[in-house]
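> The structure under discussion is supplied below as structure tokens; questions concerning it will follow.
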Amino acid sequence: MKKLIDEAILRAIETKEVAGVNFLVYKDGKELIYAEGGVQNIDDNKPFKRDTIFRLFSQTKPITAAAAMILVERGMLDLTDEVSKFLPAYKNIKTIKDGQVVNCNRPMLVKDLLDMTSGLVYPDINCEAGRQTTKVFLDLEHRIDSDNPMTTREVADQLAECVLDFEPGSSFRYGTSADVLGAVIEVVAGTKFGDFLREEIFEPLEMKDTAFYVPEDKMGRLATAYRTSTNKDGETRLKEYDWNNLGVRRDAIKPPAFESGGAGLLSTVDDYMKFGQMLLNGGSFKDAHILKPATVRFMTSGELSARQQVALEDWTGLWGYSYNNLLRVCKNSSRSSYISCNGEYGWDGWLGAYFSNFPNENMTIVMGTQKVDGGTFALTRKLRNIVLSHVL
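Residue 100 in this note's numbering sits at position 100 of the sequence shown, and the numbers go up by one each step.
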């Protein structure tokens with residue numbers, strides 16, 4: 001199995017699908033496989049190693065969900081609380097019906113943020129909600145290096161001024177819900193979102209390389225992100241990703257004012273494995289106790305309602321899966337486009353970071369890479385298929 005994984009990684013590097021990647025599998029609480037290949041930076045030919053730091057982007061979301069669950073089990077947060085209880089800007093949310101801006105019939109709930117059923121969207125020129133959201137992120141980008149950068153709370157409040165794509169709870173759409181949830185957590189916990197994550201999750205789990213920025217003494221371990229392109233001669237090449245995305249600094253050089261609950265964290269495979277193993281173990285890892293088993297079961301076993309699920313059906317790569325608590329959850333592995341297991345859960349990131357837990361198999365997979373528009377891409381599926389075909 002290790003030989004097959006090494007060969008798949010080598011092919012992806014040779015074809016310039018990725019510049020570098022690492023891949024870690026734990027089973028029954030022990031390391032089953034570790035593999036790596038390629039470089040973290042093409043210019044200096046620095047190898048992509050086990051301690052390479054990479055941007056999680058949307059793989060931040062499961063950590064944000066766990067933070068919310070900490071507050072839930074402490075009785076500090078009720079998932080049916082209205083978001084406006086904590087963020088008053090959400091008191092008069094609106095959507096569009098028959099071309100007209102109208103008041104929403106029901107409030108946005110905290111659970112809507114966890115399930116992406118809030119109506120909040122990412123920037124998108126193809127719908128009015130997305131166009132208004134685009135303006136918020138342009139303002140965020142414009143101020144990112146100013147003396148007055150937008151904070152987590154300010155981003156959430158500005159998003160409240162945008163029309164929603166649909167009535168809260170009536171459908172599903174992937175968007176800025178986790179960023180707003182980060183602001184809710186700040187209010188409930190009475191501390192900055194990043195401080196809460198550090199004190200409640202990262203420090204207890206000894207996730208020493210996970211944060212919203214990279215300290216100067218660790219900068220040499222930060223992977224460069226690349227996108228695959230084709231030149232005029234038809235040759236495939238890798239070009240460096242050189243812009244900020246979704247308000248997240250590309251260079252990661254300083255603590256951001258906007259701590260994005262949906263996209264802002266950086267980590268390593270070993271750090272994220274600790275988080276994955278914590279969930280797989282029912283909330284504990286070694287001497288750290290983050291959540292109770294019942295809380296983890298609730299967090300990792302949900303699904304959308306039938307009418308919400310309709311909006312997820314055309315998401316290529318998620319056939320057979322539902323979504324809940326900022327996680328994909330496999331409900332029907334026979335419909336999947338890759339070898340899957342009922343009950344598995346996890347998520348991925350825009351630059352190709354990947355995480356999946358398999359409770360019935362007692363296994364966790366974590367992958368690190370930095371490929372623009374990665375998500376769960378071809379290499380991820382191939383490596384999964386190798387592991388699961390040998391393990392199941």
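Just so it is clear, CB atoms sit at the ideal spot from N, CA and C, and this is done for glycine as well.
Only a predicted model underlies this, so the values are computations on that prediction, with no experimental measurement involved.
Suppose only complete runs of 4+ residues qualify. What are the alpha helix (DSSP H) ranges in the stretch 288–318, listed by chain order?
Within the stretch 288–318, the complete alpha helix (DSSP H) runs of at least 4 residues are 293–300 and 306–309.
> For Met-108 versus Glu-82, is the C-beta spacing smaller than 8 angstroms?
Here residue 108 is taken as the residue at index 108 of the sequence shown, counted from 1. Here residue 82 is taken as the residue at index 82 of the sequence shown, counted from 1. Yes.
> Cα-Cα, which of Pro-88, Asp-28, Ser-146 and Leu-4 is closest to Glu-161?
In the sequence shown, the residue the question calls residue 161 occupies position 161. Measuring from the Cα of Glu-161, the nearest candidate turns out to be Pro-88.
> Mapping DSSP to helix, strand and coil, what is Asn-45?
Mapped onto the sequence shown, residue 45 falls at position 45. Coil, per DSSP.
> For Thr-230, which three-state DSSP category applies?
Locating residue 230 in the sequence shown gives position 230, where the first residue counts as 1. Here Thr-230 sits in strand by DSSP.
> Quick one: give me the first and last residue of the beta strand (DSSP E) that Tyr-272 is part of.
Indexing the sequence shown from 1 puts residue 272 at position 272. First-last for Tyr-272: 269–280, but that is the alpha helix (DSSP H), not the beta strand (DSSP E).
> What does DSSP give as the partner residue(s) for Gly-346 in the beta ladder?
Against the sequence shown, residue 346 aligns to sequence position 346. Its beta-bridge partners are Arg-328 and Ser-356.
> Sorted by chain position, which residues of the same chain lie with C-beta nearer than 6 angstroms to Arg-384's C-beta, five sequence neighbours on each side aside?
Counting from one through the sequence shown, the residue named residue 384 turns up at place 384. The residues are Tyr-338.
> Taking 6 angstroms as the limit between beta carbons, can you name the residues of its chain near Tyr-174, skipping five residues before and five after?
In the sequence shown, residue 174 corresponds to position 174, counting from 1. So the qualifying residues of the chain are Met-116.
> So, helix, strand or coil for Asn-100, using DSSP?
If you number the sequence shown from 1, residue 100 lands on position 100. The identity of residue 100 in the sequence shown is Gln, whereas the question assumes Asn. In the structure shown, Gln-100 sits in a strand (DSSP, three-state: E or B).
> Just to confirm the assignment: which complete beta strand (DSSP E) runs, minimum length 3, are found wholly within the stretch 87–150?
Whole beta strand (DSSP E) segments, 3+ residues: 94–97 and 100–103.
> Does the beta carbon of Gln-100 fall short of 7 angstroms from some heavy atom of the ligand MG?
Ligands displayed in this structure: none; no statement on the ligand MG is therefore possible.
> If you draw a straight line from the C-alpha of Thr-369 to the C-alpha of Asn-92, how long is it?
The residue labelled residue 369 in the question sits at position 369 within the sequence shown. The residue labelled residue 92 in the question sits at position 92 within the sequence shown. Approximately 41 angstroms between the Cα atoms of the pair.
> Less than 8 angstroms separating the beta-carbons of Ala-225 and Tyr-213?
As a working note, residue 225 is residue 225 in the sequence shown. As a working note, residue 213 is residue 213 in the sequence shown. Their beta carbons are not under 8 angstroms apart, which means Ala-225 does not touch Tyr-213 by this criterion.
> Taking only three categories from DSSP, how would you classify Ile-253?
Against the sequence shown, residue 253 aligns to sequence position 253. Note: Ile-253 maps to coil in three-state DSSP.
> Among the candidates Ile-5, Ser-336, Arg-227 and Cys-341, whose CA atom is the shortest distance from the CA of Leu-351?
Walking along the sequence shown from the start, residue 351 turns up at place 351. Of the listed residues, the one whose Cα sits closest to Leu-351 is Arg-227.
> Given Val-187, which residues of its chain have a CB within under 6 angstroms of its CB, disregarding the five upstream and five downstream residues?
Stepping through the sequence shown from its first residue, residue 187 is reached at position 187. Result list for Val-187: Phe-86, in chain order.
> Quick one: any contact between the stretch 242–261 and the stretch 143–162, if contact means 3 or more CB pairs under 8 angstroms?
Yes, the stretch 242–261 is in contact with the stretch 143–162.
> Does the count of Cβ pairs from the stretch 56–65 and the stretch 169–183 closer than 8 angstroms reach three?
In short, these stretches touch, since the Cβ pair count reaches three.
> Could you tell me whether any Cβ in chain D is nearer than 8 angstroms to the Cβ of Gln-308?
No chain D is present in this structure, which holds just one protein chain.
> Buried or exposed: where does Met-76 fall if 16 or more other Cβ atoms within 10 Å of its Cβ makes it buried?
Counting from one through the sequence shown, the residue named residue 76 turns up at place 76. With fewer than 16 other Cβ atoms within 10 Å, it is exposed.
> Examine the Cβ distances between the stretch 51–59 and the stretch 264–272 and report whether three or more of them are shorter than 8 angstroms.
Flag = yes, the stretch 51–59 and the stretch 264–272 touch.
> Look up Glu-199 in the DSSP assignment and say whether it is helix, strand or coil.
The residue given as residue 199 occupies position 199 in the sequence shown. Helix at Glu-199.
> Take Pro-47 and list the residues in its own chain whose beta-carbon comes closer than 8 angstroms to its own, dropping the five residues that flank it on each side.
One-based indexing of the sequence shown puts residue 47 at position 47. Gly-20, Glu-36, Gly-38, Val-39 and Gln-40.
> Using the Cα positions of Lys-27 and Leu-164, report the straight-line distance between them to the nearest angstrom.
Within the sequence shown, residue 27 is the residue found at index 27, counting from 1. Within the sequence shown, residue 164 is the residue found at index 164, counting from 1. Straight-line Cα distance between these residues: approximately 42 angstroms.
> When the distance is taken between beta carbons, is Ala-8 closer than 8 angstroms to Ile-290?
Position 290 of the sequence shown, counted from the start, is the residue given in the question as residue 290. Position 8 of the sequence shown, counted from the start, is the residue given in the question as residue 8. Contact: no.
> Identify the residues that DSSP records as bridge partners of Tyr-34: which are they?
Residue numbering aside, residue 34 sits at position 34 when the sequence shown is read from its first letter. Tyr-34 is bridged to Leu-24.
> Count the other CB atoms, across all protein chains shown, that sit within 10 Å of the CB of Arg-328; report buried if there are 16 or more and exposed otherwise.
By one-based count along the sequence shown, residue 328 stands at place 328. By the neighbour-count rule (16 or more Cβ atoms within 10 Å), Arg-328 is buried.
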